[in-house]
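Inspection log for the structure reproduced underneath, given as structure tokens.
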Amino acid sequence: METLLSKQESKFTSNISVEINGCWLWHGCVDQKGYGRLHSFYTSNVAHRWAYERFIGPIPHNHQCHHMCGVKGCVNPSHLEALTQREHSAKHPQTRKTHCPQGHPYSGDNLYMRTDKNGHTTQHCVVCHRKRNREWMRGYKKRKLVD
Ligand SMILES: [Zn+2]
Ligand SMILES: [Zn+2]
Ligand SMILES: [Zn+2]
Numbered sequence: 001m002e003t004l005l006s007k008q009e010s011k012f013t014s015n016i017s018v019e020i021n022g023c024w025l026w027h028g029c030v031d032q033k034g035y036g037r038l039h040s041f042y043t044s045n046v047a048h049r050w051a052y053e054r055f056i057g058p059i060p061h062n063h064q065c066h067h068m069c070g071v072k073g074c075v076n077p078s079h080l081e082a083l084t085q086r087e088h089s090a091k092h093p094q095t096r097k098t099h100c101p102q103g104h105p106y107s108g109d110n111l112y113m114r115t116d117k118n119g120h121t122t123q124h125c126v127v128c129h130r131k132r133n134r135e136w137m138r139g140y141k142k143r144k145l146v147d
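Following this note's numbering, the numbering of the sequence shown begins with 1 at its first residue and continues without gaps.
Below, the structure is given as structure tokens:
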């Protein structure tokens, strides 16, 4: 008799192809981000998370699956690593821009960092910031003269 799990498994494996580098590429539905989607009879609707839980073990609460191979559509559980959100974002460092849109360097005296109320820090160019302030002042003075 076919158990639910073996049904899930055979359906799952019919949706993958094994690549030379060992990746299991998902051929079923994918979400907007490119991750494999599963139907409702699975315990997870994300294909690689289901594979991890099926073949490796439960994903600890609040953990995310990181693709060590870097292939989003890969569902090979041995290419996955369960990480906390913090550990995970450390694996995907945001590449910081080195220059502002006007080409001034984001470094030394020209760089100032601002942290908003959500704790996100953004880089600002001092030259451009001063320029904007000057322009604003000029407009302000003009407006005053007209009044
Ligand atoms: Zn892979
Ligand atoms: Zn990742
Ligand atoms: Zn600038």
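Glycine residues also receive a C-beta, built at the ideal position from the N, C-alpha and C atoms. Here the structure is a predicted model, which means the values were calculated and not measured.
Within the stretch 85 to 133, the complete beta strand (DSSP E) segments at least 3 residues long are 111 to 115, 121 to 125, listed from N- to C-terminus. As DSSP reads the structure, W26 sits in a beta bridge with I16. With fewer than 16 other Cβ atoms inside 10 Å of its own Cβ, P101 counts as exposed. Where H66 is concerned, the enclosing beta strand (DSSP E) starts and stops at 63 to 67. At a cut-off of 7 Å, the beta-carbon of C74 counts as near ligand 1: some heavy atom of the ligand is closer than that. In this chain, the alpha helix (DSSP H) harbouring E53 covers 47 to 55. Excluding residues up to 5 positions away in sequence, N110, C125, V127 lie with their Cβ nearer than 6 Å to the Cβ of H104 in the same chain.
Cα atoms of G34 and G70: separation of roughly 12 Å, rounded to the nearest angstrom. A distance criterion of 7 Å places the beta-carbon of K142 beyond contact range of ligand 2, judged by its closest non-hydrogen atom. By the neighbour-count definition (other C-beta atoms within 10 Å, threshold 16), I20 is an exposed residue. Not one heavy atom of ligand 2 lies closer than 7 Å to the C-beta of K33.
Between the stretch 17 to 31 and the stretch 58 to 78 there are three or more C-beta pairs closer than 8 Å, enough to call the two in contact. Beyond the five residues adjoining it in sequence on each side, H66 comes within less than 6 Å, by CB distance, of E81, L83, H88, K91 in the same chain, given in chain order. Pairing S6 with Y42, the inter-Cα distance amounts to about 11 Å.
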